[in-house]
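A.B. asks: Each residue of the first sequence is one higher than the one before, starting from 345 at the first, in my numbering.
Ideal Cβ placement from N, Cα and C applies to all residues, glycine included.
What follows is a single structure, and I will ask about it in a moment.
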Amino acid sequence: MPELPEVETTIRCLTPKLQGLEVTSFKLRFPGIVGNKEEKILKKLRGKKITGLRRRGKWILIDFDSDLSLLCHLKMTGQFLFCSSKDPIDKHTHFILCFKDRKEELRFRDVRKFGSISCHLTSEVLSFPQLGPEPLEVSFYRFRRLFQGRRGRLKSLLLNQNFIAGIGNIYADEILFEAKLHPLTPVFLLGEDELRILWKAMRFVLRKALKYRGTSIRDFKDAEGKEGDFQSHLRVYGKESIPCSRCRKRIERLRLGGRSSFFCSRCQKEKRC
DNA sequence: ATTCGGACCTGAAAGC
DNA sequence: TGCTTTCAGGTCCGAA
């Protein structure tokens, strides 16, 4: 479910609540989300204080004192909840952190169980996922350089976390519509002007999605259970056969690597070699 | 070397 | 109504 805006929204919601809290215990109800090795390391969290939360791509980092960090990925349906320990625990809640002098606890729930939590040394945690630059931090010059010598389709590249980190299926489609570029465009055909338009579109769409606190189409909720508002601003994603907001031609859908891509065939003309 | 399908899971919605 | 199929904000792996 979550891409950069949803992950960032989750972190912004959690940070003021978790900052400074000391771990007293944890419950692992479904060990599958952490490796067996990690289960051992997790015990080291007892007595540690949360110093802060960070995002890198779609990863969530929870930093503790004494050089420990949790590295978490929500995948499709993962969700963090900060709630009263008296609230009922449903069957999809897999991991719980409890804190000193607090009635609230941090829960990780994940219907599809794709998500993951692992524990690392803070000094090493970022070397684990091999990720491209942050879309909202990368300069145009570096962005342009990323494309040098690359092959393949434009949308596939935007989804490649190695290439750039944090964009997923919804925002890739929205960015391409904003930039008026076809998802199947071979990247070597892109010129300087188009790359600049793409870079601007990427920043525009992601910042707007952040402003509206993410997209809640199906599952996404922040750590207070609150939904995002960007779904009412989507222009192509999930809009098959609905008239394009720019030109009124019906939005089309195609399959790219097993995933749906929504686009306007009039606004986003396919480039030929 | 990219690209594809399948795998990992569950549940909602659509199709028949 | 009820059973079956399809689909889903992600990523990894192995095979064409």
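(1) Nearest CA to the CA of L358: which residue from K435, T368, E448, N380?
(2) Assuming C411 and L465 form a contact by the criterion Cβ under 8 Å, report the distance between their Cβ atoms to the nearest whole angstrom.
(3) Look at the alpha carbon of R551 and the alpha carbon of L503, and state the distance between them as a whole number of angstroms.
(4) Taking the C-alpha atoms as reference points, what is the distance between H577 and L520?
(5) Quick one: give me the first and last residue of the beta strand (DSSP E) that G451 is part of.
(6) Which value, in whole angstroms, describes the spacing of the CA atoms of L441 and I595?
(7) According to DSSP, is H417 helix, strand or coil?
(8) Are V469 and L415 closer than 9 Å when you measure CB to CB?
(9) How is D563 classed by DSSP in three states: helix, strand or coil?
(10) Hey, how far is the Cα of G558 from the Cα of G391?
(11) Please return the same chain residues whose Cβ sits closer than 7 Å to the Cβ of A545, not counting the five positions on each side in sequence.
(12) Is the stretch 567-574 in contact with the stretch 522-540, if contact means three or more CB pairs nearer than 8 Å?
(13) Out of F374, S471, G379, I406, which one is the CA nearest neighbour of L389?
(14) When burial is assigned at 16 or more other CB atoms within 10 Å of the CB, is P346 buried or exposed?
(15) What did DSSP end up calling L389 once you bin it into helix, strand or coil?
(16) If you reduce the DSSP assignment to three classes, tell me which class F607 lands in.
C.D. replies: So, from the data block:
(1) Here residue 358 corresponds to residue number 14 of the first sequence, with the count starting at 1. Of the candidates K435, T368, E448, N380, the one whose C-alpha sits nearest the C-alpha of L358 is E448.
(2) The residue you call residue 411 lines up with position 67 of the first sequence. The residue you call residue 465 lines up with position 121 of the first sequence. A small fix is needed here, since residue 411 is Asp in this sequence, not Cys. Sure, about 5 Å apart at Cβ, within 8 Å.
(3) Here residue 551 is taken as the residue at index 207 of the first sequence, counted from 1. Here residue 503 is taken as the residue at index 159 of the first sequence, counted from 1. Approximately 18 Å, taken between the alpha carbons.
(4) Numbered from 1 along the first sequence, position 233 holds the residue referred to as residue 577. Numbered from 1 along the first sequence, position 176 holds the residue referred to as residue 520. The straight-line gap from Cα to Cα measures roughly 15 Å.
(5) Mapped onto the first sequence, residue 451 falls at position 107. Note on identity: in this sequence residue 451 is Arg, with Gly being the wrong assignment. From DSSP, the beta strand (DSSP E) with R451 extends over 448-454.
(6) Counted from its first residue, the first sequence places residue 441 at position 97. Counted from its first residue, the first sequence places residue 595 at position 251. Their Cα atoms are separated by approximately 45 Å.
(7) If you number the first sequence from 1, residue 417 lands on position 73. Residue state, collapsed to three classes: strand.
(8) As a first step, residue 469 is located in the first sequence; it is residue number 125 there, counting from the start. As a first step, residue 415 is located in the first sequence; it is residue number 71 there, counting from the start. Closer than 9 Å, so yes.
(9) Translated into positions along the first sequence, residue 563 becomes position 219. Here D563 sits in coil by DSSP.
(10) Here residue 558 corresponds to residue number 214 of the first sequence, with the count starting at 1. Here residue 391 corresponds to residue number 47 of the first sequence, with the count starting at 1. Using only the alpha carbons, I get a separation of about 33 Å.
(11) The residue given as residue 545 occupies position 201 in the first sequence. Same-chain partners within the cutoff: I519, E522, A523.
(12) no
(13) Here the question's residue 389 lines up with position 45 in the first sequence. The shortest C-alpha separation from L389 is found at I406.
(14) Translated into positions along the first sequence, residue 346 becomes position 2. Its Cβ being crowded by 16 or more others within 10 Å, P346 is buried.
(15) Sequence index remark: in the first sequence, residue 389 carries index 45 (1-based). The answer is helix: DSSP assigns L389 an H, G or I state.
(16) Locating residue 607 in the first sequence gives position 263, where the first residue counts as 1. Strand at F607.
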